[in-house]
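Since the structure comes first, as C-alpha cells, the remarks are kept for the end.
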Amino acid sequence: MALQLIYGNSGSGKSTYIYEKVIQMAQADRRRNFYVIVPEQFTMQTQRELVRRSKNHVIVNIDVVSFERLAYRIFDELGIQNTVMEETGKSLVLRKIAEEKGKELTVLRGNIRKMGYINELKSMISELMQYDISVEELEDFLHQLKPDSNLYYKLSDVHTMYAAFEEYLQGQYVTAERVLDVLAEAVDDSKLLRDAVFVFDGFTGFTPVQMKLLHRCMHVVKDMYVTVTMDVREDPLADHGIQDLFYMSRKMTAALLRAAKEETYIVEEPVFLPVGENSRLAQSPVLAHLEQNLFRVRSHRYEEKCGESLRIYSLATPREELIFAAWKLSHLTREKNYRYHECAIVCGDVECYEKYAKSIFELYDIPYFVDTKTSILYHPCIELIRAVLEMVEKDFSYESVFRFFRTNLSGFTEKDIDFLENYVLARGIRGASKWKKKFLKPMRHTGRIRVEEQVLQQELARANALRERFWKMLEPFYLAASEKEVTVSEMTKALYDLLCGLHLEEQMKEQQEAFEEAGEELLASQYRQIYKIVIDLLDKLVDLLGEEKLSIRDYADVLEEGFASAKVGAIPPGADCVILGDIERTRLEGIKVLFFLGVNDGTIPKSTANGGILSQYDRELIEEQKLQLSPTAREQSFLQRFYLYLNMTKPSEALYLTYARMDTQQKATRPSYLIGTVQKLFPNVIVEEIEADASGTPVSPKSSLETYISGLTQAKAGSITEEWKALHRYLSESKEWGSVVHELFAAAFSQFTGEQLAVETARQLYGTVLTNSVTRLELFARCAYAHFLEYGLKLSERETYSFAALDMGSMFREILLRYCEGLEKSYDWYTITEPEQENLLQTAMQEAVLSMPNESLLESARSAYVLERIYRIMKRSIWALTEQIRHGTFKPAGYEVDFVQVNELNVENMMLDAEHKMRLVGKIDRMDTRETEDAVYVRIIDYKSGKTTFQLLNLYYGQQLQLVVYLNAAMEQLKKTHLGKEIVPAGIFYYRMDDPMVDADGEDEEKIMEHILSELRLNGLISLEPEVYQQMDVGLAGRSEVLPLTLKTDGTPAKKGTSGAGRRDFQAMTVFVNRKICDAAEKILSGDIDIRPFQMDQKTGCDHCPYHSVCGFDPKIQGFTYEKNKKLKDEDVWAKIYREGGLPDER
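Here you go:
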C-alpha cells in the first residue's frame, strides 16, 4: 500500500504519464479494480481519452468517476439507501425553516424573504459542510467571539438555521456535501475498493470532507497516484507562502503526506516529469517560455519575435472582442486547416459574452458550446407557474392574468389573448369576483368608430366565451389554494392537475421538436429537460413539506427558491465545436489555439466581493481564529493566478489575449495587470488596437452582412470603396442573400415622395357629406396623415379603464351643465347665495358621477382624492364664473348648445362643390348675450381643464378655429330668433377650470380673492367697442379681474394687457375661418394624406401624437419635411386674415 505523487509543470504530460501507467497496470492485473477519479466535469473527457489509448479501445477494469459517482457506485454495491437532498430540496427546506425560525433570527431576519437570500444561506451552510464544520463546532466557535459583534449575530443566525436544517435531515436525508461522509463510513465494507488502485488527476486541492475520505481509504486501497501541477525545478515541500504560484499544489502535497503519515501509508518516491520533447509546449518556444516564467519570482524576458504564437488585441467592447474571435476562428479553420475542437475561448465573466454568442457564432457559421448551466427561473414554463400563483395571491390582477397568458402556454391563440386584453383594459376587469361572473357590459369604444349594437353584443359574447374557458381552467386550483387550512400536498396536487390540464408536457415536447427541426439544439435541450425538472421539484415539495400548511405567498416563495436554484445543463452539439467557458470551471484538453477574452481590470483578477452573508472582513476574522472556510479575498486573488497559469498554458500553438476599452454600459475600462505582466516577459509583443470594422475580410455571406451594412452607411454619405462595390456585387448575386441586400440598398437610398389617396378612395372613406367637428379640422391642420389615420382608418388608442385627463374635462362640463340647469330653474346668477351654490354643486356632482359610463371613479383606490379635487376645482370655478357674470350685464343664454339642435345654420351646412357638402357639428359650452332695443351682443365661452391660451397665429394656421366657429354658429342662431336685430360679436373666450395657488403673503382675504379671480380671468378676444367691454365689466378702471382687458386713464383699451378686436376684425375672422374650413374639407375629400406635420419653433405636430410609430416620419429621410409655420406678429396675422378673407384691411 503506497502513495505516489507525480509532479510536473503544466503541459509536461502528467495526465499522459498516469493514463499510460494505469492502462498497463490494468491490463497486467485484470482482477484488480482501478478507479481514475477526476472532477465531475472532466469524467467524460477522461473516459474518452483512456478508451482512445487502450488496446482495442476497450477498458474493462478501469472506472472513470468523480468523488460523487464513486460514492453512488459503492452505495449500490452495499445496498445503502440514502435519499440525497439536492440543491432545490435544500432551498425548499431552508425556506420552510426560515418561516418557522424567523422570530429567533436577528440580523438575517430583515433579508430572509428577499429573492435569492435563501440561496446565500444555503451556500453558507453548504460551505460549513464542505469544510466539515459541524453544528457543535460552530457553536464552540461562537463562544470565542465577542457577543456584541456583528459577526457573532450573523453566525448565531446561521447556527440557528444550520441546527434546524440538520435536525430536519436527521435519519431521512443526506446532502451532497455529506455523501462522502457516508462513503467514508462504508469504505471498510466494500469489496470493490478492497485492494483497488486510485488515480487522482486534474485536482488543484481537496476539501476537508474529501481528505477525511482519503484517510479512510488508505486502510483499504492498495495504491494511490496523484498528479500535482508544480514547477519541477522547485522543492514541492518548501513553504513559500500563499503568494507562491504553486501554493495550492504545495498545500495539497502537504495534506496528502500528512494523511499518509497519520495512517501509516507508505509514500513512494515521487515522479518528476521534466519539460522535454514530449511536453505539450515543446513545439512552441514562445508558449514554453511563458509557462516557465509566468508569475515566477525570477523570470526572464523573451527577446525574439513571437509571431502568431502570442498576440494581444484591444477592441472597443466585449461584443467586438467576440466578433474578432469568431472572425479569427473562421480564418484558422478555413485557411490554416484547424478543427473547431482544437480552439477554445475562455474569459473571466462568461455571462458577459454568452449573450452575444448565439448571434455572432451563427453569423460566422461556427459550431459552439457555452460551458455554463442556465437558470430556469425565467423560462416560459416557470413563468406560467409563477403567474398562476401570483393570480391567486393578487386576486387575479390584470398584470398576473396577462403574465399567465403571455407565456403562450395557456392554450389561447394570440388573437384571443389580444382581444381579451383589450376588453379587460377597457372594462377594468380586476379580481376573481369579476372573472367568475358573466361579463355584462360590452367593450367601450370611445374612439372615432361608431360600433353597431349587434357588433357590441358579438364582442361581449366572445369575451364571455373566453372568460368561461379561462375560469374553468383556473377555478379548481383557485378554490384549492384559497382554502385556509390547505396543505402543501393538496396545493401541489391542484397545481399538477392544472399543468396536466394545460398539456404542458406535450407543449414542451412540441417546442423541443420545433427547435430541433430549426437546428436550435441548445434550446431543444432546455425544453427537453424543463418539464422533468418541474415535476421533480413538485415531488420534492410534497416529500419534504407535504403536510405543512403554507399561505399562497409562502408557497410561492418556497417554490420560487426551488426554481431559482434549478439549472439546466447542456452537452456540446457535436465533437467538433468551439468551447466558450470560464477560467475556473472549464476543463480543456488537446487545445492548439486559445482565445482569452475580457482581460480587463475587475474581471482578471475577478472581483472577490461576492455579496454573501459573510463579508471579506468577517472571513479574515474567522481565519485568525483558525477556523477553515473557503479562501478569503486576499487568498482568492493569489489563487486566481494559478488558474490563469493553467489556462494560459493549455494551448500548444497560439494564445490570443484581448481586452475591451469600454464595458457594456459604454464606460471606459482598463486592461488587467496581466497584460503588463505578459508584455514584460515578451517586450516585442505590442497591443494591437482593432477597430469595429477592421476585423478582416468577410468569411461568409452571412458574416459579411455587417461589413456590407457598415459600408452602405458610408456609401450613402458618398464614400464608396472598390472593396465594398465588389462585396455588393458578390452578395447581390448570391441566391441566399440577394433579396436581403436589395432591400437594404433600397432602404438606405429610399426617399419619401408624399402620400395621396385617390379621390374615389377618399369618397368611399368619408362619403359625399363630410361631417366635421372643429377638433377634426384642427387635427388636419396639424397633420393630414394623423387625420387620415384617426378619421379615415378610424384608428384609436387602446381603451383603458382609468380616469384620464379627458374624463376629467368631461366630468367638469357635466357637473357645470347640471349646476347651471339647476340654477336656471330656481335661482339666478346675481342673487344666489353661497350655501345655495354649495347645495346645487353637491347635487350636480353626485348626479354627474353616477351618470359616468366609466365607473372607475367610483371603484378606484384614488377615488376619494380625485372626487375631492374635482369638488374643490368646481367650487372655485363656480365662484369665479359667478363673479365674472356679476361684473357685467351679459347673461347666459344657453349651455351646451348643440349644433345639431340648430336648424339649417349656414355654418353647419356648407356646399363645397356640386357633389360634396360639409356639415359641422359641435357644442358651445356657454353662450352669453346682452340685448338692447336694436341689437343682441353675444360672447362665447369654452371651458378648458388644461392650459389653453388663445393665439391669433394658431387661428391663422387652422389650429385654433373652435371659438370663431362657435361664434359664427351662435350668431346665426340668434339671427333666426331675434329677427330685425343686429347680432354683434362681443368676444370669444376660454375659461380654465382650476383652483390656482397665489402668492399673497400678508394680504387680507379680500385681496387674496382678487388675485385668484385675476388668475382665472377669461382668455381670448374681446370686442374693443366701448358699448361692449363697458357692459362686460361695469365701472372698470385699469386692469380687469375678469377679462383680457386693461383700460388707460382716458377709458380706452391699452395695448398692453388687452387682447381685443374691432367689429370689422370679427367679421374678417368669420369670413377667413369659413374659407379655411372649406379649404381643409376640399383637401380631405381630394385625398390629401401627406405626412407633413406642422412645425413652429420647438413645437411640432408630432408632439404627443399617438400615431408616430405608424407613419414612420423621420426628418432625416429625404422627402420627409415639416410644414413650417412661420412666427408672425399679430399685426401681420391680421393683414393676412383680411387679405385671405377677401376683405380690405382698414385697421
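Residue 826 in the numbering used here sits at position 836 of the sequence shown, and the numbers go up by one each step.
From the three backbone atoms N, C-alpha and C, an ideal C-beta is built for every residue, glycine too.
What is the rounded straight-line gap between the Cα of residue i and the Cα of residue j?
i: ALA650; j: ASN(-1); result: 31 Å
i: VAL478; j: GLU550; result: 14 Å
i: ARG301; j: LEU636; result: 18 Å
i: SER124; j: ASN109; result: 20 Å
i: ALA854; j: LYS136; result: 54 Å
i: VAL1024; j: SER1004; result: 16 Å
i: ILE(-4); j: LEU227; result: 14 Å
i: GLN952; j: GLN1088; result: 23 Å
i: ASN398; j: ILE52; result: 49 Å
i: SER274; j: SER56; result: 33 Å
i: GLU733; j: GLN746; result: 24 Å
i: VAL26; j: GLU341; result: 32 Å
i: CYS296; j: THR667; result: 16 Å
i: LEU1118; j: ARG876; result: 37 Å
i: LEU957; j: THR872; result: 22 Å
i: PRO1134; j: TYR1128; result: 6 Å
i: LEU964; j: ASN829; result: 33 Å
i: GLU117; j: ILE676; result: 43 Å
i: ALA154; j: GLN120; result: 18 Å
i: PHE24; j: GLN(-6); result: 15 Å
i: ASP130; j: MET15; result: 48 Å
i: ALA508; j: ARG309; result: 25 Å
i: ILE710; j: LEU695; result: 16 Å
i: VAL892; j: GLY912; result: Low per-residue confidence applies at VAL892: pLDDT is 37, beneath 50, and the placement is therefore not dependable, though the value from the model is reported in the following sentence. Using only the alpha carbons, I get a separation of about 11 Å.
i: LEU895; j: ALA959; result: Any reading at LEU895 must be qualified, since the residue scores a pLDDT of 43, below 50, and its modelled position is unreliable; the value itself is stated next. Straight-line Cα distance between these residues: approximately 7 Å.
i: SER662; j: PHE735; result: 42 Å
i: TYR303; j: ILE665; result: 10 Å
Looking at the structure shown, is residue i part of a helix, part of a strand, or coil, going by DSSP?
i: GLY884; result: strand
i: GLU538; result: coil
i: TYR907; result: Just to set this straight, residue 907 is Lys in the shown sequence, not Tyr. Strand at LYS907.
i: ILE699; result: helix
i: GLY812; result: helix
i: ALA306; result: coil
i: TYR861; result: helix
i: ARG38; result: helix
i: SER1013; result: strand
How many whole angstroms separate the CB atoms of residue i and residue j, which I take to be in contact at a CB cut-off of 8 Å?
i: ASP1138; j: PRO357; result: In the structure displayed, the chain extends from -9 to 1137; residue 1138 sits before or after that span and is not available.
i: GLY192; j: PHE32; result: 5 Å
i: MET864; j: PHE802; result: 7 Å
i: THR833; j: GLY812; result: 7 Å
i: ALA422; j: TYR468; result: 6 Å
i: LYS243; j: PHE632; result: The sequence as given places Thr at residue 243; Lys does not occur at that position. So it is not a contact: roughly 14 Å between Cβ atoms.
i: GLU332; j: GLY580; result: 7 Å
Excluding the 5 residues flanking residue i on each side, which residues of the same chain have their C-beta closer than 6 Å to its C-beta?
i: LEU1006; result: ALA870
i: VAL532; result: SER479, THR482
i: HIS47; result: VAL41
i: GLY701; result: TRP714
Spatial neighbours of residue i within its chain, please: C-beta separation below 8 Å, excluding the five flanking residues on both sides.
i: ASP179; result: LEU68
i: ARG43; result: TYR9, GLU10, ILE13
i: LEU1138; result: Look at the range of the chain in this structure, -9 to 1137, and you will see that residue 1138 is not part of it.
Is there a Cβ from chain E that is less than 8 Å from the Cβ of residue i?
i: ALA644; result: Of the protein chains in the structure, only one exists, and it is not chain E.
Note down, in chain order, each residue of its chain lying with its Cβ closer than 7 Å to the Cβ of residue i, except the 5 sequence neighbours on either side.
i: LYS428; result: ASN454
Regarding residue i and the ligand SAH, is the C-beta to nearest heavy atom distance less than 7 Å?
i: LEU277; result: Although the ligand SAH was asked about, the structure shown includes no ligands whatsoever.
Does the stretch 124 to 133 come close enough to the stretch 578 to 591 that 3 or more CB-CB pairs lie under 8 Å?
-> Of all C-beta pairs linking the stretch 578 to 591 to the stretch 124 to 133, fewer than three are shorter than 8 Å, placing the two stretches out of contact.
With contact counted as at least three CB pairs below 8 Å, one residue from each stretch, are the stretch 489 to 504 and the stretch 439 to 459 in contact?
-> Because the criterion of three Cβ pairs below 8 Å is not met, the stretch 489 to 504 and the stretch 439 to 459 do not touch.
Would you call the stretch 1089 to 1106 and the stretch 771 to 781 touching, i.e. three or more CB-CB distances under 8 Å?
-> Flag = yes, the stretch 1089 to 1106 and the stretch 771 to 781 touch.
Is it true that the stretch 358 to 369 meets the stretch 514 to 526, where meeting means three or more beta-carbon pairs spaced less than 8 Å apart?
-> Contact holds: three or more Cβ-Cβ distances are below 8 Å.
Report yes or no: do the stretch 1038 to 1046 and the stretch 927 to 935 share at least 3 C-beta pairs separated by less than 8 Å?
-> Remark: fewer than three beta-carbon pairs, one from each stretch, lie closer than 8 Å, so the stretch 1038 to 1046 and the stretch 927 to 935 are not flagged as touching.
State whether the stretch 338 to 354 contacts the stretch 602 to 614, with contact taken as three or more CB pairs (one from each stretch) at a distance under 8 Å.
-> The answer is no - the stretch 602 to 614 does not touch the stretch 338 to 354, with fewer than three Cβ pairs under 8 Å.
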